[in-house]
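By the working numbering, the letter at position 339 of the sequence shown is numbered 1456, and the numbering carries on one by one without gaps.
For every residue, glycine included, the Cβ atom is placed at its ideal position computed from N, Cα and C.
As the structure is a prediction and not an experimental result, all values here were calculated from the model.
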Amino acid sequence: MRVEPFLVEKWLNKYEHDVEINISETCVDPFTLGEFLTLMGREDFLRDFWDTKLTYGYIPGSPRLRNGLSNLYDALGPENILVTGGAIGANFLVFYSLVERGDTVISVFPTYQQLYSVARSFGANVKLLKLRMEDSWLPDMGKLADMIESNTKLIVINNPNNPTGSLMDEECLFTICEMAEDVGAYVLDDESYRDLYVNPKDSVPSVVEISDRAIASGSLSKTFSLTGLRLGWIAAEDSVIRECEDHRDYTTISNGMIDDALATLAVENVDLVLERNLSILRTNYCILSDWVDEEPLIEWIPPVAGTVAFLRHKLDISSEELCKRLMREKDVLLVPGSCFEMEEFLRIGFGNNTEVLKEGLCRFKDFLGQYS
Ligand SMILES: Cc1ncc(COP(=O)(O)O)c(C=O)c1O
1118 MRVEPFLVEK
1128 WLNKYEHDVE
1138 INISETCVDP
1148 FTLGEFLTLM
1158 GREDFLRDFW
1168 DTKLTYGYIP
1178 GSPRLRNGLS
1188 NLYDALGPEN
1198 ILVTGGAIGA
1208 NFLVFYSLVE
1218 RGDTVISVFP
1228 TYQQLYSVAR
1238 SFGANVKLLK
1248 LRMEDSWLPD
1258 MGKLADMIES
1268 NTKLIVINNP
1278 NNPTGSLMDE
1288 ECLFTICEMA
1298 EDVGAYVLDD
1308 ESYRDLYVNP
1318 KDSVPSVVEI
1328 SDRAIASGSL
1338 SKTFSLTGLR
1348 LGWIAAEDSV
1358 IRECEDHRDY
1368 TTISNGMIDD
1378 ALATLAVENV
1388 DLVLERNLSI
1398 LRTNYCILSD
1408 WVDEEPLIEW
1418 IPPVAGTVAF
1428 LRHKLDISSE
1438 ELCKRLMREK
1448 DVLLVPGSCF
1458 EMEEFLRIGF
1468 GNNTEVLKEG
1478 LCRFKDFLGQ
1488 YS
């Protein structure tokens, strides 16, 4: 089956391991195992597994993990959660389970490419709801209404959004869910960056707290800084979970038992993890915001949530050429807007290690100095 190359993954796979300063990352500074277990007060964690047989474990995720994940939502139970191989596994499973040839799927754009390319490869008619910088990267509801057809199967959103850092508010989510309900469609919201608000006053519900037709995908990679566990989940009402379970049997069997137990620890101590991560995120946001304010060749809509920002550059070269020169001359990695089919833009991550961000911005400033 044909599928378009996943541009951002190709870019990162090619460059991220050899570069000295990586400021393209989307995770909040991933934990080392030692830092995580110390924060949890569970340095003895691995002892518990000494006599445990490393079998398949629970197929849909352990009851404790599913229970912990369901507690992240109002009014969901463990039966509404299915654990997957990352949010990428969760999204894929939703498309695999629900989308058929000829269905209409509407997706916001720009976003994580998986959210529209997979549906296309399954033969769906994918329509892109283009977000514009002039609208603070928020969707135009009139345009969305015009795009919806009677055979619309799925409206795909990504809140908070990668790569722009925009955040739809509750009213906007409510309207999208209502539009979906009117034609019997589902809403899939990739909520990988949930709870990562730059400003503590901003907070939006999950779509699954708004509508029965809504499905959320979640991730242990970003908000929880446990990227290496490769775990994510689907949250949805029972019949969607059953459909996804039936399809998942053919792709996954189960996730790793040790990963499941570590994820359970994190989810049951979400407040401790968030305290660490929001402190990193907000410190880094201020550093990046001050930098952008002083940089004449860069402009942006400040991100509201998540770990990434979409910077518009004013150089007379393509975003890819800019990123390649920056790598060659300063050993710093960004993601070019071309990976999101949006020239003139660059994606920067501000969730990672603060010293790395500072060094990257310092080198990027030197680099831009040649052009000002
Ligand atoms: C919006 C979005 N969804 C999904 C993923 C994949 O996340 P995971 O590591 O949980 O598979 C990413 C990773 O960058 C992402 O940005």
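The continuous alpha helix (DSSP H) containing D1263 extends over residues M1258 to M1264. About 11 Å separates the beta carbon of L1245 from that of P1256, a gap too long to meet the 8 Å contact definition.
Cβ-Cβ separation between F1484 and L1450: approximately 12 Å, too far for a contact (criterion under 8 Å). Looking at D1407, E1476, V1390 and L1414, the one whose alpha-carbon comes closest to that of P1147 is V1390.
The Cβ atoms of A1352 and Y1190 lie closer than 7 Å to each other.
For A1333, the uninterrupted beta strand (DSSP E) segment begins and ends at A1331 to S1336.
Membership of A1207 in the alpha helix (DSSP H) is indicated by the continuous run G1203 to L1215. If you check the C-beta of A1426 against ligand 1, you find no heavy atom less than 6 Å away. Scanning V1120, G1151 and I1140 for the CA closest to the CA of C1440 turns up I1140. Remark: the C-beta of G1203 is in contact range of ligand 1, defined as less than 6 Å to any heavy atom. Within the stretch 1358-1433, the beta strand (DSSP E) runs of at least 3 residues that lie entirely inside it are, in chain order, 1415-1417 and 1425-1430. Apart from the 5 residues on each side of it in sequence, D1363 sits with its Cβ closer than 8 Å to the Cβ of S1214 in its chain, given in chain order. Fewer than three pairs of CB atoms, one per stretch, sit closer than 8 Å, so the stretch 1182-1197 makes no contact with the stretch 1392-1408. DSSP, read as helix, strand or coil, puts L1189 in coil. With a cut-off of 6 Å, the C-beta of N1469 is classified as distant from ligand 1, since no heavy atom of the ligand falls inside that distance.
Beta-bridge partners assigned by DSSP to I1198: A1352. Using a Cβ distance threshold of 7 Å, S1328 and C1294 count as a contacting pair. Annotation for I1293: the continuous alpha helix (DSSP H) segment containing it runs E1287 to V1300. Beta-bridge partners of S1224 (DSSP): L1245 and V1273.
About 17 Å separates the CB atoms of T1424 and F1481; that is not less than 8 Å, and the two are not in contact.
The beta carbon of R1119 sits closer than 7 Å to the beta carbons of S1238 from its chain, once the five residues preceding and following it are set aside; these are given in chain order. Residue range Y1303 to D1307 is occupied by the beta strand (DSSP E) that includes Y1303. Note that the stretch 1301-1319 touches the stretch 1327-1343; at least 3 beta-carbon pairs, one per stretch, sit closer than 8 Å. A residue is called buried when at least 16 other Cβ atoms come within 10 angstroms of its Cβ; F1226 meets this threshold and is buried. The beta carbon of S1267 sits closer than 7 Å to those of V1300, all from its chain and outside the five residues before and after it, given in chain order. When the beta-carbon positions are compared, A1207 and G1349 come within less than 7 Å of each other.
Counting only residues of its own chain and dropping the five nearest sequence neighbours on each side, I1138 has a CB closer than 8 Å to the CB of K1447, D1448, V1449, L1450, V1473, E1476, G1477 and R1480.
With a cutoff of 7 Å on beta-carbon distance, L1313 and V1273 are scored as not near each other.
Considering only G1345, T1292 and P1277, the residue with the shortest C-alpha distance to V1315 is P1277. Annotation for N1184 indicates a beta carbon at 6 Å or more from all heavy atoms of ligand 1. Per DSSP, the continuous beta strand (DSSP E) segment holding G1466 begins and ends at F1462 to G1466.
In the structure shown, P1280 adopts coil according to DSSP, grouped into three states. As computed with DSSP, N1139 is found in a beta bridge with L1450. If you compare the alpha carbons of S1489, H1430 and A1378 with that of R1164, the shortest gap goes to A1378. For Y1314, the three-state secondary structure derived from DSSP is strand. In this structure, the CA atom of R1359 is about 23 Å from the CA atom of T1172.
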